[in-house]
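Counting from 1, position 101 in the sequence shown corresponds to residue 101 in the UniProt record's numbering; the numbering is continuous, with no gaps.
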Amino acid sequence: MLLLDRLHRIPKPQHIAASLPRDVLLKAHYFHVKNLLMRRSRTAKDLPAEYTGIKIYSDLSAATLRQRKTFQQVTETFRANRILYHWGFPVRLIVSRNGTTNVIHTVEDGLNLLHQWNLTIVGETQALKPPRKVVKDWHVAD
Numbered sequence: 001m002l003l004l005d006r007l008h009r010i011p012k013p014q015h016i017a018a019s020l021p022r023d024v025l026l027k028a029h030y031f032h033v034k035n036l037l038m039r040r041s042r043t044a045k046d047l048p049a050e051y052t053g054i055k056i057y058s059d060l061s062a063a064t065l066r067q068r069k070t071f072q073q074v075t076e077t078f079r080a081n082r083i084l085y086h087w088g089f090p091v092r093l094i095v096s097r098n099g100t101t102n103v104i105h106t107v108e109d110g111l112n113l114l115h116q117w118n119l120t121i122v123g124e125t126q127a128l129k130p131p132r133k134v135v136k137d138w139h140v141a142d
């Protein structure tokens, strides 16, 4: 039996077409049930065809999302170099490369790892460029 504490649909934003599906929030009563749902949602092969389009995501707090955003330079570099990573909870990057798994707890750890791997960090070269000269596009009448 699936015991749920809450289940409700999010109101549709005005800019979204009425025909598009809306998000649904769900709170499972037991943590192990939530974990089972998350695990099974990744392998939806045994679901009936009409349910294969369902996607389940963890709801993260605004604070967690802000902390994860600080890793943006690191994650963009991983994606640019096709390095697989995933998020650990709450703010931790788990990276696999050449058969080795690394756990990154801070942005500095991530940048150090990228330097060890001799990878060009996305955005690093842009910071070194001198600022563009501002040209006035107006003139004061004499």
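Positions of the beta carbon are idealized from the N, C-alpha and C atoms, including for glycine.
Nothing here was measured: the structure is a model prediction, and the numbers come from that model.
Enclosing alpha helix (DSSP H) for residue i [first to last residue]
i, result
"R40", "F31 to R42"
"V122", "Looking at the DSSP string, V122 is not in any alpha helix (DSSP H), and its letter there is neither H nor E."
"D109", "V107 to Q116"
"Q73", "Q72 to A80"
Rounded straight-line distance, which links the Cα of residue j to that of residue i
i, j, result
"K55", "T120", "34 Å"
"P21", "W117", "43 Å"
"V95", "G110", "10 Å"
"F78", "L93", "11 Å"
"L7", "A62", "21 Å"
"T75", "G123", "11 Å"
"L3", "H115", "48 Å"
"F71", "S41", "26 Å"
"G99", "H86", "15 Å"
"R68", "E108", "13 Å"
"H29", "D59", "15 Å"
Strand pairing of residue i, partner residues [DSSP]
i, result
"L7", "L26"
"V91", "In the DSSP output, where bridge partners are listed per residue, V91 has none listed."
"Y85", "V95"
First and last residue of the uninterrupted beta strand (DSSP E) at residue i
i, result
"T100", "T100 to I104"
Buried/exposed call for residue i, threshold 16 Cβ in 10 Å
i, result
"I10", "exposed"
"F31", "exposed"
"F89", "exposed"
"V24", "exposed"
"V91", "buried"
"R16", "Reading off the sequence shown, one finds Ile at residue 16, where the question assumed Arg. The residue in question, I16, is exposed, as its Cβ has fewer than 16 Cβ neighbours within 10 Å."
Anticipated Cβ contact below 8 Å, residue i with residue j, distance rounded
i, j, result
"A18", "K12", "7 Å"
"N102", "L113", "6 Å"
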